[in-house]
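Asker:
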Amino acid sequence: MIMKNDSAPTDVFPHLDYKPKLPQRMDRGIGIVGAGGIVNYAHLPAYKKAGFKVLGITDRNREQADRTAKEHGIAKVCASVDELLRQPEIEIVDIAVYPAEQVHIVEQATAAGKHLLCQKPFADEYSKAVRSVELAERAKVKIAVNQQMRWDAGIRCSRLLIDDGWLGAPTYGAIQVHCKTDWSLWPWIYQGKHLEIMFHSIHYIDSLRYLLGDPDHVFTSGSRAPGETTKAETKTLTTWEYKSGLQVLIDVCHTTWQDDAYAIFRFEGTEGVIKGTIGLMYNYPTGRPDTLEFMSKRNPGYWFSARLDSMWIPDAFVGPMASLMRAIESDSVPETSGRDNLRTLQVMFAEYRSMAEKRAVRPEEITS
Ligand SMILES: NC(=O)c1ccc[n+]([C@@H]2O[C@H](COP(=O)([O-])OP(=O)(O)OC[C@H]3O[C@@H](n4cnc5c(N)ncnc54)[C@H](O)[C@@H]3O)[C@@H](O)[C@H]2O)c1
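First residue of the sequence shown? That's 382 in the numbering used here, and the numbers climb one at a time after it.
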């Protein structure tokens with residue numbers, strides 16, 4: 382809901398309906414592959430709140446699958462992906478394993494005719510993501526990627542305001558996050574050659590594309606703080622350039638030791654400005670609700686503020702699954718479809734190429 386300053390004029394009062402739109406049919410069977418951290422603290426709490434029907438789960442670590450099933454009341458633990466795919470009442474496979482392995486499960490699930498929600502990053506190599514999209518298209522099943530930040534309240538409200546013309550033509554966008562990230566939540570991440578952008582800023586890439594469209598060129602500097610035990614970049618500075626003159630800044634540092642961590646966004650346009658905070662990043666994964674304010678030339682000097690009562694984790698996780706179910710229902714394209722995500726990956730790999738080659742890169746340079 383949008384609140385206004387007491388003294389603000391009453392003629393302008395936007396309505397922001399930012400919660401995910403649910404499908405008509407809520408009883409489509411979901412089967413989950415991977416019973417790790419994110420499934421336990423985000424997917425399953427979100428699906429429970431929404432009323433989605435999770436019928437089965439599998440993990441190559443059987444104990445992990447058993448524990449998760451018990452904790453979240455899932456009736457069936459399958460011994461393998463094959464067994465899960467043999468369950469006729471499972472229509473959607475929700476994958477939450479590591480990016481390098483996701484394509485193998487996509488191969489099996491598309492062969493079994495199941496619809497798919499893949500975790501982000503969609504793949505660790507662009508060609509694997511292209512293959513996943515092609516497999517799904519050939520099998521005539523829907524494939525979506527869990528880029529759930531698009532449903533985070535601050536981002537979704539910004540999009541609604543932009544769609545309603547409050548920003549005018551966008552001229553500047555920024556996401557700046559300086560926090561202390563505990564990588565031990567993801568021990569498998571330590572040895573990888575990619576870190577900050579592939580596993581974290583990919584959310585900002587996808588959300589900024591969603592809000593402002595695709596950039597023409599990207600330039601990224603990636604670095605690390607002294608004494609880190611991870612192998613790849615943990616702080617990045619990225620700029621995007623658009624033909625329209627719009628500029629974007631993504632400024633992320635995961636090694637902030639100071640006690641004034643911040644996670645902010647700001648979008649400026651010819652008609653207004655939107656600014657706010659990304660609540661999740663103030664205390665991951667507990668977080669707090671986002672904040673959002675905006676000022677319009679229609680009411681200069683008045684800052685409107687939104688009262689947002691949902692959280693990135695778990696609430697935003699309803700979004701990609703609901704969108705996938707609605708796409709199945711109406712034979713349309715999910716908001717975060719696999720094909721759309723190829724663009725997010727092109728931007729991501731363009732940023733890595735830029736970092737390595739110290740030059741501005743066009744996303745189209747990334748091909749399979
Ligand atoms: N906000 C987000 O969207 C978000 C947040 C955290 C993690 N993630 C993503 O979710 C994925 C999982 O992360 P996590 O933190 O839950 O990791 P995790 O290590 O806690 O869990 C992964 C689980 O998958 C299982 N697994 C791996 N390969 C498998 C296979 N081939 N078949 C069956 N089970 C398999 C593992 O045994 C493990 O239990 C990663 O891709 C990560 O990037 C997304």
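Ideal placement from N, C-alpha and C gives every residue a C-beta, glycine not left out.
In this text, all values refer to a predicted model and were calculated from it rather than measured experimentally.
Going by C-alpha to C-alpha distance, which of Leu397, Asp545, Ser588, Thr439 sits closest to Thr725?
Answerer: Ser588
Asker: Let me know the secondary structure DSSP gives Ala460 once reduced to three states.
Answerer: Reduced to three states, the DSSP call for Ala460 is coil.
Asker: Whole alpha helix (DSSP H) runs in the region 505 to 578 with 4 or more residues, listed along the chain?
Answerer: Counting only runs of 4 or more, we get 507 to 520, 534 to 544.
Asker: Measure the Cβ-Cβ separation of Ile536 and Met530 and say whether it is below 8 Å.
Answerer: yes
Asker: Is Trp567 near ligand 1, with its Cβ less than 7 Å from a heavy atom?
Answerer: yes
Asker: What is the DSSP secondary structure of Gln483, reduced to helix, strand or coil?
Answerer: helix
Asker: Distance, Cα to Cα, Gly603 vs Lys612?
Answerer: 12 Å
Asker: Excluding sequence positions up to five away, which residues of its chain have a Cβ less than 6 Å from the Cβ of Ala741?
Answerer: His598, Phe600
Asker: Buried or exposed for Glu738, please, with buried defined as at least 16 other CB atoms from any protein chain shown within 10 angstroms of its CB.
Answerer: Exposed, by the Cβ-count rule.
Asker: Could you check which residue in Ala492, Pro502, Ile411 has the C-alpha nearest to that of Val728?
Answerer: Pro502
Asker: I'd like to confirm something about Thr439: is its beta-carbon nearer than 7 Å to some heavy atom of ligand 1, or not?
Answerer: The answer is yes for Thr439.
Asker: Following the continuous alpha helix (DSSP H) through Ser735, name the residue where it begins and the one where it ends.
Answerer: 719 to 738
Asker: From Lys495 to Leu689, what does the alpha carbon distance come to, in whole angstroms?
Answerer: Each residue's alpha carbon lies about 35 Å from the other.
Asker: Got a sec? Which residues, its chain only, sit under 7 Å from Leu436 by beta carbon, not counting five neighbours each side?
Answerer: Gly410, Ile411, Gly412, Ala456, Lys457, Gln468, Glu470, Ile471
Asker: For Tyr663, is the beta carbon positioned less than 7 Å from some heavy atom of ligand 1?
Answerer: no
Asker: For Ser749, which of Ser735, Met736, Phe730 has the nearest alpha-carbon?
Answerer: Phe730
Asker: Taking three-plus beta-carbon pairs below 8 Å as touching, is the region 580 to 587 in contact with the region 665 to 673?
Answerer: no
Asker: Between Glu649 and Ser677, is the Cβ-Cβ spacing less than 8 Å?
Answerer: no
Asker: For the beta strand (DSSP E) that Tyr422 lies in, which residues bound it at each end?
Answerer: No beta strand (DSSP E) holds Tyr422; DSSP gives it neither H nor E.
Asker: Straight-line CA distance for Trp564 to Thr667?
Answerer: Spanning the two alpha carbons is a distance of roughly 15 Å.
Asker: Using alpha carbons as the reference points, say which of Ala550, Thr615, Gln557 lies closest to Tyr571.
Answerer: Thr615
Asker: What residues in its chain sit with their C-beta under 8 Å from that of Gln500, if we drop five residues either side in the sequence?
Answerer: Gly415, Ile419, Ile476, Ala477, Val478, Pro480, Gln483, Val526, Asn527
Asker: Using DSSP with H/G/I as helix, E/B as strand and the rest coil, what is Lys429?
Answerer: If DSSP states are grouped into helix, strand and coil, Lys429 belongs with the helices.
Asker: Around the C-beta of Pro404, are 16 or more other C-beta atoms found within 10 angstroms, so that it is buried, or is it exposed?
Answerer: buried
Asker: Tell me which residue opens and which closes the alpha helix (DSSP H) that Ile709 is part of.
Answerer: 699 to 711
Asker: Counting only the same chain and skipping the five closest in sequence on each side, list residues whose C-beta sits under 6 Å from that of Arg743.
Answerer: His598
Asker: My understanding is that Lys400 touches Ser691, with C-beta atoms under 8 Å, so please give their C-beta distance in whole angstroms.
Answerer: Approximately 7 Å separates the beta-carbon atoms of Lys400 and Ser691; this is inside 8 Å, confirming the contact.
Asker: Please list, in chain order, all residues of the same chain as Ala450 whose beta carbon is under 6 Å from its beta carbon, the five residues on each side excluded.
Answerer: Ile438, Val458
Asker: Using only CA atoms, which one of Asp408, Asp545, Gln557, Pro395 lies nearest to Ala703?
Answerer: Asp408
Asker: Is Ala644 helix, strand or coil when you go by DSSP?
Answerer: strand
Asker: Please name the residue in Thr717, Glu577, Cys538, Asn664 whose C-alpha comes closest to that of Thr619.
Answerer: Comparing C-alpha distances from Thr619 to each of Thr717, Glu577, Cys538, Asn664 shows the shortest one belongs to Glu577.
Asker: Can you give me the C-alpha to C-alpha distance between Ile694 and Pro701, rounded to a whole angstrom?
Answerer: A straight-line Cα-Cα distance of about 13 Å links Ile694 and Pro701.
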